[in-house]
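Please read the structure below before turning to the comments.
Numbering (this note's numbering), first residue to last: 19 to 353.
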């Protein structure tokens with residue numbers, strides 16, 4: 019995707035402009051839209067290339083999991099396993115600033131890149147009429163981190179988005195200032211005890227009252243969930259991973275990049291956005307019992323290559339008791 023400075027279009031949110039934005043999303047483009055928390059940088063959560071474009075637009079240093087925004091509990095249930103605790107919290111706090119981390123449903127259409135290759139997905143139903151109308155019009159879940167460059171202050175007006183992202187987004191839907199102004203609370207429901215991964219727009223006390231038990235915090239137990247990037251090794255296949263390979267050794271598969279003869283190729287043309295879109299799906303496809311390891315061709319250290327190499331280095335790191343498999347690593351640092 020080519021981003022040109024000054025090419026974003028800011029439109030007042032109306033039924034006609036929401037339909038236009040939904041068509042842009044269906045075409046794989048990015049749309050910024052308001053939620054009750056902050057403005058989101060939206061892309062089709064089921065499209066690998068659209069999700070890769072989100073990371074590129076934000077300049078994210080690594081592929082942190084993204085939240086899949088839905089318009090109903092029924093839509094969420096097509097993506098994740100809606101456990102009884104999840105349904106209980108959804109009844110009380112959705113739509114609203116609460117994100118639930120849940121097991122990926124078999125056949126879930128959400129891009130593996132959006133969930134950073136994990137077997138869990140973060141979902142929420144925003145409490146904003148424009149956001150809900152856009153998700154419904156798009157007919158698909160929207161991956162939508164905050165609509166700002168990584169590390170910048172989260173945007174709460176359309177003007178903030180325009181100043182920060184410029185031509186990196188096709189359409190900015192202006193729905194006025196955000197009501198809550200802080201990101202959603204994130205609760206992990208994949209473990210034996212519900213765990214707080216990030217405080218946010220829903221009070222922890224209200225969640226604990228609803229659950230009838232305290233939420234697990236990282237300080238409570240060495241096994242409590244952590245956010246991405248805290249462990250040296252995670253998001254990795256079970257096979258050993260060897261980096262900067264020119265060819266596969268006996269028993270290995272070669273994950274290529276560029277015009278090389280490989281078992282699978284992230285991008286034969288050397289397109290880093292295509293490589294990012296294929297990364298997790300291809301690592302999973304090569305994680306086979308008939309192979310001894312995965313050799314990976316060198317990836318350029320610029321643009322999305324920085325994020326790709328970050329994940330590959332984590333995949334190749336020594337990892338003891340497979341701590342990289344912990345679903346609690348699904349927390350995120352921004353919306």
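Glycine is no exception: its CB is placed at the ideal position from the N, C-alpha and C atoms.
task = Tell me residue 191's beta-bridge partners as DSSP assigns them.
result = In the chain shown, residue 191 corresponds to position 173, counting from 1. Answer by DSSP bridge pairing, in chain order: 29.
key: Outcome for residue 32 when other beta-carbon atoms lying within 10 angstroms are tallied against a minimum of 16   = Looking up residue 32 in the chain shown gives position 14. That one is exposed.
ask   = Distance, Cα to Cα, residue 283 vs residue 294?
value = Here residue 283 refers to the residue found at position 265 when the chain shown is read from its first residue. Here residue 294 refers to the residue found at position 276 when the chain shown is read from its first residue. Looking at the two C-alpha atoms, the distance is approximately 11 Å.
task = Specify the secondary structure class of residue 270 as computed by DSSP and reduced to three states.
result = Within the chain shown, numbered from 1, the residue matching residue 270 stands at position 252. In this structure, residue 270 counts as strand in the three-state DSSP scheme.
Cross-strand partners of residue 60 (DSSP beta bridge) = For the purposes of this step, residue 60 is taken as the residue at position 42 of the chain shown. Answer by DSSP bridge pairing, in chain order: 49.
query = Would you say residue 121 and residue 91 are within 8 Å of each other, going by their C-beta atoms?
reply = By 1-based counting over the chain shown, the position of residue 121 is 103. By 1-based counting over the chain shown, the position of residue 91 is 73. The answer is no: Cβ separation not under 8 Å.
key: Straight-line Cα distance separating residue 72 from residue 212   = Locating residue 212 in the chain shown gives position 194, counting from the first residue. Locating residue 72 in the chain shown gives position 54, counting from the first residue. Roughly 29 Å separates the two Cα atoms.
key: DSSP three-state assignment for residue 85, whether helix, strand or coil   = On the chain shown, residue 85 is found 67 positions in, with the first residue counted as 1. Strand, per DSSP.
query = First and last residue of the alpha helix (DSSP H) that includes residue 139?
reply = Residue numbering aside, residue 139 sits at position 121 when the chain shown is read from its first letter. Bounds of any alpha helix (DSSP H) do not take in residue 139; it lies within the beta strand (DSSP E) bounded by 138-142.
message = Please tell me whether residue 150 and residue 89 are closer than 8 Å, where the distance is taken between their beta carbons.
response = For the purposes of this step, residue 150 is taken as residue 132 along the chain shown, with counting starting at 1. For the purposes of this step, residue 89 is taken as residue 71 along the chain shown, with counting starting at 1. Cβ distance < 8 Å, so residue 150 and residue 89 count as in contact.
query = Looking only at DSSP bridge pairs, what is residue 119 linked to?
reply = Looking up residue 119 in the chain shown gives position 101. Its beta-bridge partners are 140, 206.
Through-space distance from residue 114 to residue 142, alpha-carbon basis = Working through the chain shown from its first residue, we reach residue 142 at position 124. Working through the chain shown from its first residue, we reach residue 114 at position 96. Each residue's alpha carbon lies about 8 Å from the other.
query = Where does residue 67 fall in DSSP's three states?
reply = The residue labelled residue 67 in the question sits at position 49 within the chain shown. Three-state DSSP puts residue 67 in a helix.
task = Rank 127, 287, 291 by C-alpha distance to the C-alpha of residue 138 and give the top, closest one.
result = As a position in the chain shown, residue 138 is number 120, starting the count at 1. Among 127, 287, 291, the Cα nearest to that of residue 138 is on 127.
ask   = Nearest to residue 281 by alpha carbon, out of 270, 289, 290?
value = Along the chain shown, one-based indexing puts residue 281 at 263. When only C-alpha atoms are compared, the closest one is 270.
ask   = For the putative contact between residue 57 and residue 68, defined by C-beta atoms under 8 Å, what is the C-beta separation to the nearest angstrom?
value = As a working mapping, residue 57 is identified with position 39 in the chain shown. As a working mapping, residue 68 is identified with position 50 in the chain shown. With 8 Å as the limit, residue 57 and residue 68 do not qualify as a contact, their Cβ atoms being about 17 Å apart.
query = Is residue 308 buried or exposed, if buried means 16 or more other CB atoms sit within 10 Å of its CB?
reply = Within the chain shown, numbered from 1, the residue matching residue 308 stands at position 290. That one is exposed.
ask   = What does DSSP give as the partner residues of residue 323 in its beta bridges?
value = Taking the chain shown and counting its residues from 1, the one referred to as residue 323 is at position 305. None, per the DSSP bridge assignment.
ask   = From what residue to what residue does the alpha helix (DSSP H) around residue 91 run?
value = Counting from one through the chain shown, the residue named residue 91 turns up at place 73. Per DSSP, the continuous alpha helix (DSSP H) segment holding residue 91 begins and ends at 91-94.
ask   = Would you call residue 106 buried or exposed, if buried means 16 or more other Cβ atoms sit within 10 Å of its Cβ?
value = Your numbering for residue 106 matches position 88 in the chain shown. That one is exposed.
ask   = In this structure, what does DSSP give as the bridge partners for residue 213?
value = Working through the chain shown from its first residue, we reach residue 213 at position 195. The partner list for residue 213 (beta bridge, DSSP) reads 206, 234.
task = Just confirm the distance between the C-beta atoms of residue 180 and residue 59, as a whole number of angstroms; I'd bet it's less than 8 Å.
result = For this step, residue 180 is matched to residue 162 along the chain shown. For this step, residue 59 is matched to residue 41 along the chain shown. Not really, about 12 Å apart at Cβ, beyond 8 Å.
key: Reference residue 324, options 28, 42, 81, closest by Cα   = Taking the first residue of the chain shown as position 1, residue 324 is located at position 306. Per the Cα distances, 81.
C-beta contact flag for residue 216 and residue 204 at 8 Å = Position 198 of the chain shown holds residue 216. Position 186 of the chain shown holds residue 204. Yes. Within cutoff.
query = Mind checking whether residue 333 and residue 268 have CB atoms under 8 Å apart?
reply = Residue mapping note: residue 333 aligns to position 315 of the chain shown, counting from 1. Residue mapping note: residue 268 aligns to position 250 of the chain shown, counting from 1. Not a contact, by the Cβ cut-off of 8 Å.
key: Cross-strand partners of residue 160 (DSSP beta bridge)   = Here residue 160 refers to the residue found at position 142 of the chain shown. 62, 87.
query = In this structure, does DSSP put residue 185 in helix, strand or coil?
reply = Position 167 of the chain shown, counted from the start, is the residue given in the question as residue 185. In the structure shown, residue 185 sits in a helix (DSSP, three-state: H, G or I).
ask   = Under the rule that 16 or more other beta-carbon atoms within 10 Å means buried, what is residue 336, buried or exposed?
value = Within the chain shown, numbered from 1, the residue matching residue 336 stands at position 318. Result: exposed.
ask   = Expressed to the nearest angstrom, what Euclidean distance is found between the alpha-carbon atoms of residue 208 and residue 328?
value = Walking along the chain shown from the start, residue 208 turns up at place 190. Walking along the chain shown from the start, residue 328 turns up at place 310. Answer to the nearest angstrom: the Cα atoms are 25 Å apart.
Exposure of residue 279, with buried meaning 16 or more beta-carbon neighbours within 10 Å = By 1-based counting over the chain shown, the position of residue 279 is 261. By the 10 Å Cβ count, residue 279 comes out exposed.
ask   = Less than 8 Å separating the beta-carbons of residue 191 and residue 317?
value = Sequence index remark: in the chain shown, residue 191 carries index 173 (1-based). Sequence index remark: in the chain shown, residue 317 carries index 299 (1-based). Taking 8 Å as the Cβ cut-off, residue 191 and residue 317 do not qualify as a contacting pair.
task = Decide if residue 287 is buried, meaning its Cβ has at least 16 other Cβ atoms within 10 Å, or exposed.
result = For the purposes of this step, residue 287 is taken as residue 269 along the chain shown, with counting starting at 1. Answer is exposed; the Cβ neighbour count stays below 16.
query = Whole-angstrom Cβ separation of residue 14 and residue 66, contact assumed at under 8 Å?
reply = Missing from the structure shown is residue 14; the chain here goes from 19 to 353 and no further.
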